[in-house]
Structure formats: structure tokens, C-alpha cells
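Following my numbering, the residues of the sequence shown are numbered contiguously, the last one being 793. A quick write-up on the structure given underneath.
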Amino acid sequence: MSLRTDIKKIQNLVHVRADGVFGPITARATLDALRDEQRVVYEPGTEIDDRSAKNIATLLPRARDNFEKFYRLANATAATMGCEYILISGNRTWEEQEKLYNQGRTTAGNIVTNAKPGSSWHNMGVAGDCGVFQNGVYLDNSNPKLARRVHIACSKHAKACGLKWGGDWKKFKDIPHYQLKVSESLSTARKLHLEGKWA
Ligand SMILES: [Zn+2]
């Protein structure tokens, strides 16, 4: 074991490149993580913005409490960074997924998903995407660096809320994405959904 190994461990924990050098990026990410642990408490009474509330309502009942709790914790964290964390999408119908899948393939625009209809947890009503905002401005577009820091800080609450974070995926990291931790596989869920038994 060496100090470099320990620094790499910290870097993995705070989601920065694990090069074993404790530079300003690692320092800032570590401070964000510490601040997050110290300050954030779950406040069930806090308000939910309309867009997030609307998107949470599109989810299956079994996912709503998890996302609501996550929303409140994540927003408390985002607020310490001067931002808001808003649920910008929830359930997506299979028709909507088809449209999205065709984008960049048979219709105009860039490819935005590799998931065909029924191949996304969004189609199962248990996934949502979050966006980082500051005074109504969508930072994922206008300040992706800060947005990324906020996503990483907020994602720390996912596990405690029974959610999985897309940023933890090995391939195709999807940092705005969260989904309910479920025991079923996607293929089982798809089968149940087609039979009208997915709930
Ligand atoms: Zn997503």
C-alpha cells in the first residue's frame, strides 16, 4: 500500500480520474463530497417544483416515494452549490421511446439513446432523468462542468433512496439518469409489461 494507492481510492469515491495525484480537481471533488455528507438532511416537508412533481407522478407507485425522497435530498445538496436539481423526465411510453430511438437513425438529429422501445427502464415507469438548473437556466447545456459536479454530488443520495445512478455504469455513463433498484431483470419486466402485469 502506498499513499498513491490511497489517493486513487479517494479519487474513485469522488468520481474523478484516478491518477493518484491529489490536485485541485480531486481536492474540490473531495470537499464537495465532505460538505455533502455534513450538511444534508432529509426534510419531508420541503416543496417540490411543478416539473419534478409532474414527472414523479408519471412513475409507478412503487417508485414514487424513492424519487420523492431523492429529490428532496438532492435539492438540499444542489442548493449548497447554488443550483437546483430537477426531475426533467420520468416514465416514457413505448411510442415515445421509438421516436427517440429513431432520432439520428431514420429521423433528423443526433443519436440520443441505444434503447429500443421496451429496452429502457424509463418505459417501465421506474426511471427518471435529472437536470441541473440555476435561475431557470439549464446548466447541463450552458455550464456542463458545474452541472457535472452537481450531478456527482447529488448522486450520493441515490443508494440511500433505493435508486441506482447511471453514472455508476461501466459503459455509457449516464449521469442525469436514476432508476429504482428492482429485483426483476429488464427482460422479465418487459414480458410482464407486455402481459399487462407490470406494476
Ligand atoms: Zn434516463
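We put the CB at the ideal spot given by N, CA and C, even for glycine. Quick caveat: nothing in here was measured; it's all calculated off a predicted structure.
Neighbour flag for residue i against chain B, beta carbons, 8 Å
i	result
residue 707	No chain B appears in the structure shown, which is made up of a single protein chain.
Between the CA atoms of residue j and residue i - distance to the nearest angstrom
i	j	result
residue 755	residue 663	7 Å
residue 684	residue 723	7 Å
residue 818	residue 730	Past the boundaries of the shown model lies residue 818; the chain is included only from 595 to 793, so the question cannot be answered.
residue 673	residue 642	13 Å
residue 733	residue 619	19 Å
residue 792	residue 614	46 Å
residue 759	residue 772	5 Å
residue 606	residue 774	23 Å
residue 704	residue 721	22 Å
residue 596	residue 681	41 Å
residue 781	residue 598	42 Å
residue 628	residue 778	34 Å
residue 690	residue 739	29 Å
residue 701	residue 688	17 Å
residue 794	residue 625	Not covered by the structure: residue 794. The range shown for the chain is 595 to 793.
residue 783	residue 696	23 Å
residue 735	residue 694	19 Å
residue 737	residue 658	29 Å
residue 785	residue 766	25 Å
residue 608	residue 692	35 Å
residue 604	residue 748	17 Å
residue 616	residue 653	41 Å
residue 602	residue 768	22 Å
CB contact flag (residue i, residue j, <8 Å)
i	j	result
residue 675	residue 743	yes
residue 655	residue 725	no
residue 706	residue 719	no
residue 686	residue 717	yes
residue 727	residue 678	yes
residue 787	residue 761	no
Counted within 10 angstroms of its Cβ, other Cβ atoms place residue i as buried (16 or more) or exposed
i	result
residue 660	buried
residue 750	buried
residue 763	exposed
residue 600	exposed
residue 623	buried
residue 621	exposed
Practice task
Flag this pair as touching only if the stretch 699-713 and the stretch 643-654 have three or more C-beta atom pairs under 8 Å; answer yes or no.
Solution key: Judged by Cβ distances under 8 Å, the stretch 699-713 makes no contact with the stretch 643-654, as fewer than three pairs qualify.
Exercise for the section: Evaluate the contact criterion for the stretch 744-763 versus the stretch 654-668: three or more CB pairs, one atom per stretch, below 8 Å. Expected result: yes
Problem - Those residues, in chain order, that have a beta-carbon closer than 5 Å to some heavy atom of ligand 1 - result: Taking each Cβ in turn, the ones that pass are 723 and 771.
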